[in-house]
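Chemist: Please read through the structure below; I'll follow up with questions.
Number of protein chains: 2
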Amino acid sequence: MSGAVWAHVGQPFEERAFDTVILGAGRMGTAAADWLRRTRPEQSLLLVEEGGLPNEEGATLLAAGLWEAPAQATDLAQRTLDCLEELGERAGWQPGVPLLTLETVPGPQSFPTAEALERWPELRGVIDPALWPWVRAQEAGLYRPGALALALGQRAVQAGAGLMLNTRAALVPGGVQLSRLTVTNTHEVVVHEVHQVQAGQVIVALGASGPQHAEESLGLHTRHGRAYVQRPRLNAPLTEQSPALRVPGLLLRPQSGGYTLYPAPRAADPHGYVPVPGRLSGVPVGLRREVLETLLTHMEGLPALASSALEVGRSLSDVPGTWVALPSGQPGHPPVLERLSPSVSLLLGGEQADVLGVGVAQQL
Amino acid sequence: MSGAVWAHVGQPFEERAFDTVILGAGRMGTAAADWLRRTRPEQSLLLVEEGGLPNEEGATLLAAGLWEAPAQATDLAQRTLDCLEELGERAGWQPGVPLLTLETVPGPQSFPTAEALERWPELRGVIDPALWPWVRAQEAGLYRPGALALALGQRAVQAGAGLMLNTRAALVPGGVQLSRLTVTNTHEVVVHEVHQVQAGQVIVALGASGPQHAEESLGLHTRHGRAYVQRPRLNAPLTEQSPALRVPGLLLRPQSGGYTLYPAPRAADPHGYVPVPGRLSGVPVGLRREVLETLLTHMEGLPALASSALEVGRSLSDVPGTWVALPSGQPGHPPVLERLSPSVSLLLGGEQADVLGVGVAQQL
């Protein structure tokens with residue numbers, strides 16, 4: 009039997025206890041909800057999300073959604089792949105996408121960049137084959153993480169999970185406090201009503217804000233960090249068959265006829281950091297300085313980055329950006345599922361959630 | 009013949025041209041001034057400093073002043089050592105100080121920690137020998153970087169350098185603009201007078217703010233970064249003969265009967281970061297979170313850190329802290345001397361300035 013959905017405060021919520029409450033309906037939270045409904049259908053479950061499904065401000069919507077066979081944790085990656093293949097089009101799953109890693113020296117699986125430019129002539133303005141003379145091709149898959157979260161959330165609800173949207177949650181002893189939000193005529197977000205809900209276990213899947221949320225509620229300290237990432241757009245004219253590209257610290261994902269850029273964070277941002285726009289030759293731009301530095305590194309090898317095809321914006325709000333969790337405070341660390349107290353667990357996706365996220369959520 | 013010193017605005021300054029103007033009288037700037045007077049006495053030189061000598065807000069005063077034989081750049085380290093030995097007491101030079109590196113496994117030069125605790129019984133409450141069973145001892149030297157800067161600055165002036173204190177400098181085409189500062193009756197710092205001074209070359213030795221200063225004036229981009237470091241105090245009762253201690257990411261320097269702690273920055277702070285105090289079990293403390301995390305790592309092996317002997321403060325201003333330059337944006341990178349334009353060079357000390365700083369300044 010399908011679970012209840014509370015999308016707005018007009019739908020009355022009756023206080024009751026749940027075996028599990030999951031905070032956050034990003035791809036980690038929805039994957040956990042989906043998994044718990046399938047493996048423990050006898051237990052009651054409530055999934056709580058501050059925004060909608062998908063949340064427009066979380067990291068899920070701005071994740072690359074690139075699945076590739078990893079060097080490690082292959083069972084977790086396989087579980088993620090199984091899920092993507094099962095959901096297929098509902099997750100925007102697109103297998104068999106070529107991923108070209110640009111290289112300066114030939115390796116066992118590489119071939120000359122010149123050949124790649126013949127096969128994909130649209131890359132001629134993008135890559136300088138003199139600086140990146142070799143490419144290594146592998147098969148990857150692309151999907152839409154926001155679509156994945158929506159599909160997993162819907163499947164969990166169909167299997168009996170309750171879903172409460174537009175609701176802010178706080179950990180309290182024995183459960184959670186739910187503040188249902190509404191918007192006034194003057195576009196102010198206000199708390200409409202507050203509920204106390206008992207929970208046997210709470211899974212904090214709030215992305216980058218999860219660790220701080222748990223720390224403040226439980227009075228403990230975690231090693232996890234976060235980084236503010238930006239996803240600038242490179243308007244290179246691409247076709248439906250254009251490959252994804254990768255250079256150190258930067259992924260170029262084909263999307264809507266151009267590339268969306270995914271510069272990897274180089275370190276966790278310090279506590280208290282507020283994103284600020286950078287400057288390019290003295291002129292303010294929407295990219296933060298740390299992102300600019302990653303792009304500057306590649307402007308010679310990827311000359312399109314040094315052209316007007318790169319959308320640098322004029323202020324921070326011109327470039328899509330979000331906080332991503334850095335499990336253990338380290339860039340590139342795999343997702344973690346961590347028990348913080350007998351009844352509270354933390355689920356953190358982070359940079360490798362594209363490949364390992366669903367698998368880690370299935371460790372519950 | 010001794011150079012002129014302009015310490016306050018009551019001392020009139022007559023505009024003239026200089027062969028070299030050095031901005032910043034920290035240990036890098038004073039070492040450069042001293043070196044230029046000795047190697048190019050025929051050239052005129054002006055050393056400009058925004059504060060006093062030593063500047064109470066720069067990184068020089070809060071540097072550890074630990075000299076040890078490095079694995080690389082031994083000629084630069086030797087030059088620094090020569091300078092320290094020559095200045096001796098004027099730089100607070102104290103050779104032959106034992107530096108104990110704590111280890112978990114025995115190495116070629118290590119001995120049991122238990123033996124070290126017999127020799128230095130005051131360390132019994134500081135080190136847990138069960139977690140750090142081995143120590144490697146080496147001979148190091150301690151000095152006071154502020155005293156070094158003062159001695160080098162005085163020597164440069166005695167050799168004919170001009171020294172202008174309480175003066176803010178800006179790069180302008182062909183030279184520098186000098187704004188002499190004074191303090192009003194209401195303790196406001198104001199510009200008293202402005203001078204334009206021509207300079208054959210300008211050396212920017214402004215520490216952590218040097219790269220940004222140069223970038224904004226010259227409209228270029230450097231890879232250098234900075235990090236906000238703090239120097240908390242550990243009130244372990246020490247003797248005059250107590251050794252310095254080192255564990256990964258943390259140096260404990262004996263000073264005034266206790267240890268001053270030098271947690272190493274783990275990454276450059278992002279552009280626009282403003283230091284904020286951290287929290288320990290929910291209570292605000294003066295240490296920033298990143299420093300706390302380094303100390304938390306060592307609280308078991310160094311139990312004194314988990315006691316009230318550690319001064320955590322209640323707000324940021326309770327703990328001495330400063331910005332340090334991170335040459336190339338990387339922690340642990342050696343100091344750099346870099347030509348930014350035909351007439352402007354950047355001199356950056358950073359974390360390894362204790363060992364290599366004077367040597368790098370002597371590459372001018």
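Protein chains in written order, with the numbering used here: chain A, 9 to 372; chain B, 9 to 372.
Note that CB positions come from ideal geometry on N, CA and C, so glycine has one too.
It should be emphasised that the depicted structure is a prediction, and the values quoted were computed from it without experimental measurement.
Please go through the same chain and pick out, in chain order, the residues whose beta-carbon is closer than 7 Å to the beta-carbon of A/V13, but skip the five residues on each side of it.
Modeler: Same-chain partners within the cutoff: V165 and L171.
Chemist: Count the other CB atoms within 10 Å of the CB of B/D90; is the residue buried (16 or more) or exposed (fewer)?
Modeler: Flag for B/D90 reads exposed.
Chemist: Just curious, the beta strand (DSSP E) that A/G286 is in, first and last residue?
Modeler: Per DSSP, A/G286 belongs to the beta strand (DSSP E) from G286 to L288.
Chemist: For A/E298, would you say it is in contact with chain B, using Cβ-to-Cβ distances shorter than 7 Å as the test?
Modeler: Yes - at least one Cβ of chain B is within 7 Å of the one on A/E298.
Chemist: Should the segment 13-24 of chain B be called in touch with the segment 35-43 of chain B, which here means at least 3 C-beta pairs below 8 Å?
Modeler: Contact fails: fewer than three Cβ-Cβ distances are below 8 Å.
Chemist: Mind checking which residues open and close the alpha helix (DSSP H) that includes A/V225?
Modeler: Here the sequence assigns Ser to residue 225 of chain A, which means Val is not the residue at that position. Note, A/S225: alpha helix (DSSP H), G218 to L226.
Chemist: Can you tell me where the beta strand (DSSP E) holding B/E201 begins and where it ends?
Modeler: V197 to V212 is the extent of the beta strand (DSSP E) around B/E201.
Chemist: How would you list, in chain order, the residues of chain A whose beta-carbon sits under 8 Å from the beta-carbon of B/E346?
Modeler: Neighbours of B/E346 on chain A: none; closest Cβ ~16 Å, over 8 Å.
Chemist: By the 10 Å Cβ neighbour count, where 16 or more other Cβ atoms means buried, how is A/Q249 classified, buried or exposed?
Modeler: A/Q249 comes out exposed.
Chemist: Give the secondary structure of A/T247 by DSSP, where H, G and I count as helix, E and B as strand, and everything else as coil.
Modeler: A/T247 falls in the coil class under three-state DSSP.
Chemist: Starting from B/P120, trace the beta strand (DSSP E) both ways and give me its first and last residue.
Modeler: Element bounds for B/P120: S118 to P120.
Chemist: To test your reading of the DSSP string, which unbroken alpha helix (DSSP H) runs of 4 or more residues are found completely within the segment 277-344 of chain B?
Modeler: Counting whole runs of 4 or more residues, the segment 277-344 of chain B contains the alpha helix (DSSP H) stretches 297-305.
Chemist: By the 9 Å beta-carbon criterion, what residues does the segment 275-300 of chain B contribute toward chain A?
Modeler: Cβ contacts with chain A come from A275, A276, D277, P278, H279, G280, Y281, V282, P283, V284, P285, G286, R287, L288, S289, G290, R296, R297, E298 and L300.
Chemist: Quick one, are the C-beta atoms of B/T268 and B/A157 less than 7 Å apart?
Modeler: Cβ distance not < 7 Å, so B/T268 and B/A157 don't count as in contact.
Chemist: Could you please give me the residues that DSSP links to A/M172 through a beta bridge?
Modeler: Beta-bridge pairing links A/M172 to A/W14 and A/V56.
Chemist: Tell me, which residues are paired with B/R241 by DSSP?
Modeler: The partner list for B/R241 (beta bridge, DSSP) reads B/T268.
Chemist: Taking the alpha helix (DSSP H) that A/P153 falls in, what are its first and last residues?
Modeler: Taken as a continuous stretch (DSSP letters only), the alpha helix (DSSP H) holding A/P153 covers P153 to Q166.
Chemist: Please decide whether B/G11 counts as near chain A, where near means a Cβ-Cβ distance under 7 Å.
Modeler: Not an interface residue.
Chemist: If you follow the beta strand (DSSP E) that B/E111 is in, where does it begin and where does it stop?
Modeler: First-last of the beta strand (DSSP E) with B/E111: Q102 to E111.
Chemist: If you drop the 5 nearest sequence neighbours on each side, which residues of the same chain put their C-beta closer than 8 Å to that of B/T121?
Modeler: So the qualifying residues of the chain are L110, I135, P137, W140, P141, W142 and V143.
Chemist: What is the DSSP secondary structure of B/A235, counted as helix, strand or coil?
Modeler: Reduced to three states, the DSSP call for B/A235 is strand.
Chemist: So, are the CB atoms of B/A276 and B/L334 less than 7 Å apart?
Modeler: Going by C-beta atoms, B/A276 is nearer than 7 Å to B/L334.
Chemist: Going by CA-CA distance only, name the one from A/A72, A/E65 and A/S10 that's closest to A/L53.
Modeler: Of the listed residues, the one whose Cα sits closest to A/L53 is A/S10.
Chemist: Helix, strand or coil for B/W140? Go by DSSP, reduced to three states.
Modeler: If DSSP states are grouped into helix, strand and coil, B/W140 belongs with coil.
Chemist: Who are the neighbours of A/L304 on chain B, taking C-beta pairs under 9 Å?
Modeler: Residues of chain B passing the Cβ test: H229 and R231.
Chemist: Taking DSSP as the reference, what is the three-state secondary structure of B/G183?
Modeler: B/G183 falls in the strand class under three-state DSSP.
Chemist: Compare the C-alpha of A/A79 against each of A/T247, A/Q51 and A/G340 and name the closest.
Modeler: Here the closest residue by C-alpha is A/G340.
Chemist: CB A/P285 to CB A/S323, shorter than 7 Å?
Modeler: The answer is yes: Cβ separation under 7 Å.
Chemist: Going by the CB atoms, is the gap between A/P278 and B/Y151 shorter than 7 Å?
Modeler: Taking 7 Å as the Cβ cut-off, B/Y151 and A/P278 do not qualify as a contacting pair.
Chemist: Within 10 angstroms of its Cβ, does B/V202 collect 16 or more other Cβ (buried), or is it exposed?
Modeler: Exposed: under 16 other Cβ atoms inside 10 Å.
Chemist: Counting along the chain, where does the beta strand (DSSP E) carrying B/R98 start and finish?
Modeler: Counting along the chain, B/R98 falls outside any beta strand (DSSP E), and DSSP gives it neither H nor E.
Chemist: Comparing C-alpha positions only, which one of A/D326, A/T247, A/Q206 and A/Q51 sits nearest to A/S264?
Modeler: Of the candidates A/D326, A/T247, A/Q206 and A/Q51, the one whose C-alpha sits nearest the C-alpha of A/S264 is A/T247.
Chemist: Under 7 Å Cβ to Cβ from B/T192, same chain only, skipping five residues before and after it: list those, please.
Modeler: Contacts found: V198.
Chemist: Look up A/L258 in the DSSP assignment and say whether it is helix, strand or coil.
Modeler: DSSP places A/L258 in strand when its eight states are reduced to three.
Chemist: At the level of alpha carbons, what is the spacing between B/I211 and A/L61?
Modeler: For B/I211 and A/L61, the distance between alpha carbons rounds to 56 Å.
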